[in-house]
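The sequence shown begins at 16 in our numbering and counts up one residue at a time.
Working notes, beginning with the structure itself.
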Amino acid sequence: QPFIDAGIDHFLIFDTGSTDRTIEITEELFKKNNIKHAVIKQEPFIDFATSRNRCLELTEDAFPNAEFMIMLDAEWYMHGIPELLNFCEAKKHDTCPSYLVRLIMNETLDFYAPRLIKMSSKSRFYGVVHETLDNTTKSQAPSNSYFEVRTSRFGREKSKTRWYRDKDLLMKEHLKNPTDARTVFYLAQTYDCLEDLENARFWYEKRIETPGWYEENFVALCRLAQVYENLSNKEKINGNLKKSDELLAKSLLYYSKAYSNRPIRVEPLIKLAQYYLFSGEKELCYLYAKRACEIPYPETDILFVEKNLYDFTRWDLLGISAWYVGEYAIGKAAIIKAMEACPNMPHLQQNLACYNNIII
């Protein structure tokens with residue numbers, strides 16, 4: 016509906032076997048809004064690249080004069096459509112084949128995907144899962160024109176089934192091309208989503224040994240550290256304290272390696288700060304949290320930036336730990352920054368009151 020409200024009246028709906036009345040609801044929407052230039056197709060799902068490429072082919076046939084196609088998925092809600100239309104008008108004579116569009120997922124993850132496509136470029140997707148364009152560039156659509164991904168209960172229920180399907184598709188792809196780092200990365204992520212920690216560990220370790228894209232290298236190190244942390248917690252619950260400590264040591268090592276790998280990202284610093292806070296080592300928490308707060312938001316990174324850690328968590332950790340090392344001015348300023356993101360959290364109000372009672 017927001018696209019219709021913004022004046023867009025050419026649509027192609029490509030359904031790969033939904034069971035939630037997608038076609039019926041879409042037909043009703045188009046009829047209600049008197050949309051005359053709409054094509055609805057339903058074909059079996061093969062894999063993600065094949066289905067997206069089929070969608071591109073159908074669009075080229077149905078709308079041969081189209082300049083751009085914006086390709087979105089279920090439960091993606093577009094913001095800033097008028098600004099996006101102005102951007103497309105300004106760029107219609109450019110030769111750039113595609114543009115990265117920002118996605119914010121459940122208000123936590125911030126990343127980009129190539130979903131604004133210049134139709135004359137004849138772009139095509141590759142990758143059976145987590146597909147991307149064959150001519151992806153670093154050019155971005157305006158950051159205020161973005162997809163908000165809001166996962167519903169129905170969407171979450173479908174996810175586990177999809178992850179099992181993804182695993183099978185990715186494993187077949189890996190057997191065909193065992194040196195493809197992207198496939199290895201998403202195999203690890205899929206096992207991670209399925210909470211199969213041992214397989215996630217195996218594939219993340221395999222990924223960090225495989226040369227690949229630098230942002231994926233960083234995320235793989237971070238995720239491997241998290242997997243080791245989860246394995247450590249599991250052993251601790253089972254009473255295997257020695258094994259738990261060994262796994263925890265590996266977790267801390269890989270968080271440190273992740274930061275060394277990409278020091279413009281704060282996620283591993285925050286994980287280390289959280290560990291030291293909860294283990295009672297407030298001075299080390301302060302050290303890591305303070306460094307994390309000195310690093311600007313990584314505007315140029317496009318893969319899985321954990322937005323809430325930048326907006327809130329790092330400031331919250333600094334506000335807590337600064338109290339214990341006597342850095343009251345720094346701590347108070349950090350609490351105020353955290354409150355900009357989450358103004359109604361009770362512990363922030365309480366912590367600020369403590370700082371206000373100190374003469375700074």
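Just so it is clear, CB atoms sit at the ideal spot from N, CA and C, and this is done for glycine as well.
Bear in mind the structure is a predicted one, so any value in this text is a computation, not a measurement.
Quiz prompt | Range of the contiguous alpha helix (DSSP H) that encloses R197 | solution = It spans A196 to C208 - the alpha helix (DSSP H) in which R197 sits, taken as one unbroken run.
Quiz item: Would a C-beta distance cut-off of 7 Å place L287 and Y270 closer than the cut-off?
Solution: Yes, Cβ-Cβ distance for L287 and Y270 is below 7 Å.
Exercise. Whole angstroms is fine: what's the gap from M120's alpha carbon to S174's?
Key: Taking the straight line from one Cα to the other gives about 14 Å.
Quiz item: Does the beta carbon of L73 sit closer than 7 Å to a beta carbon anywhere in chain D?
Solution: Of the chains in the structure shown, none is chain D; there is only one protein chain.
Exercise. Only counting runs of 4 or more residues, tell me where the alpha helix (DSSP H) segments fall wholly within the segment 23-50, in order along the chain.
Key: Entirely contained in the segment 23-50, the alpha helix (DSSP H) runs reaching 4 residues are, in chain order, 37-47.
Quiz item: Excluding the five sequence neighbours on either side, which residues of its own chain have a C-beta within less than 7 Å of the C-beta of V199, listed in chain order?
Solution: Excluding sequence neighbours, V199 sits near H189, W218, K221, R222 and T225.
Quiz item: Any idea if I7 is buried or exposed, counting beta-carbon neighbours within 10 angstroms, 16 or more meaning buried?
Solution: Look at the range of the chain in this structure, 16 to 375, and you will see that residue 7 is not part of it.
Practice problem: Entirely within the segment 122-174 and at least 3 residues each: give me those beta strand (DSSP E) ranges in chain order. | Solution: List check, beta strand (DSSP E) in window: 124-133 and 161-164.
Quiz item: Among residues of its own chain, excluding the 5 on either side of D149, which ones have a beta-carbon nearer than 8 Å to its beta-carbon?
Solution: Around D149, the same chain offers S138, R139, F140 and Y141 as residues with beta carbons nearer than 8 Å, after the five sequence neighbours per side are excluded.
Quiz item: In terms of residues, what are the limits of the alpha helix (DSSP H) holding H362?
Solution: P361 to N371 is the span of the alpha helix (DSSP H), which, as asked, contains H362.
Quiz item: Roughly how many angstroms lie between the CA atoms of Y343 and S336, to the nearest whole one?
Solution: Distance from the CA atom of Y343 to the CA atom of S336, rounded to whole angstroms, is 10 Å.
Quiz item: Rounded to a whole number of angstroms, what is the C-alpha to C-alpha distance between F162 and K265?
Solution: Spanning the two alpha carbons is a distance of roughly 36 Å.
Quiz prompt | Length of the line joining the Cα atoms of C111 and T151 | solution = Roughly 9 Å between the two C-alpha positions.
Self-check item: Member of D183, F319 and M93 whose CA lies at the smallest distance from the CA of V144
Solution: Minimum Cα distance to V144 is reached at D183.
Quiz prompt | Burial state of L256, where buried means 16 or more other Cβ atoms lie within 10 Å | solution = Under this definition L256 is an exposed residue.
Exercise. State the DSSP-derived secondary structure class of S113, mapped to helix, strand or coil.
Key: In the structure shown, S113 adopts extended strand secondary structure according to DSSP, grouped into three states.
Quiz item: From what residue to what residue does the alpha helix (DSSP H) around Y92 run?
Solution: Run containing Y92: none in the alpha helix (DSSP H); it sits in the beta strand (DSSP E), W91 to H94.
Practice problem: Return the chain-ordered list of same chain residues with a C-beta closer than 8 Å to the C-beta of R238, the five sequence neighbours on each side being excluded. | Solution: Around R238: A203, Q204, D207, A215 and Y219.
Practice problem: Measure the alpha-carbon distance for F18 versus I96 and round it to whole angstroms. | Solution: If I take the Cα positions, the gap works out to 7 Å.
Quiz prompt | For V340, the first and last residue of its enclosing beta strand (DSSP E) | solution = No beta strand (DSSP E) contains V340, which DSSP labels as neither H nor E.
Quiz item: Among N323, N245, P129 and K272, which has the Cα closest to the Cα of E261?
Solution: Checked all of N323, N245, P129 and K272; the closest Cα to E261 is N245.
Exercise. Report the rounded CA-to-CA distance for L44 versus D211, giving the unit in angstroms.
Key: Straight-line Cα distance between these residues: approximately 41 Å.
Self-check item: Extent of the continuous beta strand (DSSP E) to which V234 belongs
Solution: Careful: V234 lies outside any beta strand (DSSP E), inside the alpha helix (DSSP H) at Y229 to I252.
Quiz item: By Cβ distance below 6 Å, which residues in the same chain neighbour L263 in space, the five residues on each side in sequence not counted?
Solution: If we look at L263 and ignore the five residues flanking it on each side, its Cβ neighbours are S247.
Quiz item: Buried or exposed: T74, going by 16 or more other Cβ atoms within 10 Å of its Cβ?
Solution: It counts as buried.
Quiz item: Do the segment 48-65 and the segment 86-102 meet, that is, are 3 or more Cβ pairs less than 8 Å apart?
Solution: A contact between stretches requires three or more CB pairs, one per stretch, nearer than 8 Å, and the segment 48-65 fails this requirement with the segment 86-102.
Quiz item: Hey, W338 and C369 are a contact pair by Cβ (cut 8 Å); roughly how many whole angstroms apart?
Solution: With a Cβ gap of about 7 Å, W338 and C369 count as contacting.
Exercise. Classify K107 as helix, strand or coil using the three-state DSSP reduction.
Key: Coil.
Exercise. Would you decide whether K187 is buried or exposed? Buried here means 16 or more other CB atoms lie within 10 Å of its CB.
Key: Exposed, since its Cβ has fewer than 16 Cβ neighbours within 10 Å.
Quiz item: With burial defined as no fewer than 16 other Cβ atoms inside 10 Å of the residue's Cβ, what is the status of P79: buried or exposed?
Solution: Exposed, by the Cβ-count rule.
Exercise. Rank E321, Q365, M360 and C70 by C-alpha distance to the C-alpha of V234 and give the top, closest one.
Key: Answer by Cα proximity: E321.
Quiz item: Q57 lies in the beta strand (DSSP E); which residues open and close that run?
Solution: H52 to Q57 is the extent of the beta strand (DSSP E) around Q57.
Quiz item: Nearest to E309 by CA position, among R165, K46, E282 and Q364, is which residue?
Solution: The shortest C-alpha separation from E309 is found at E282.
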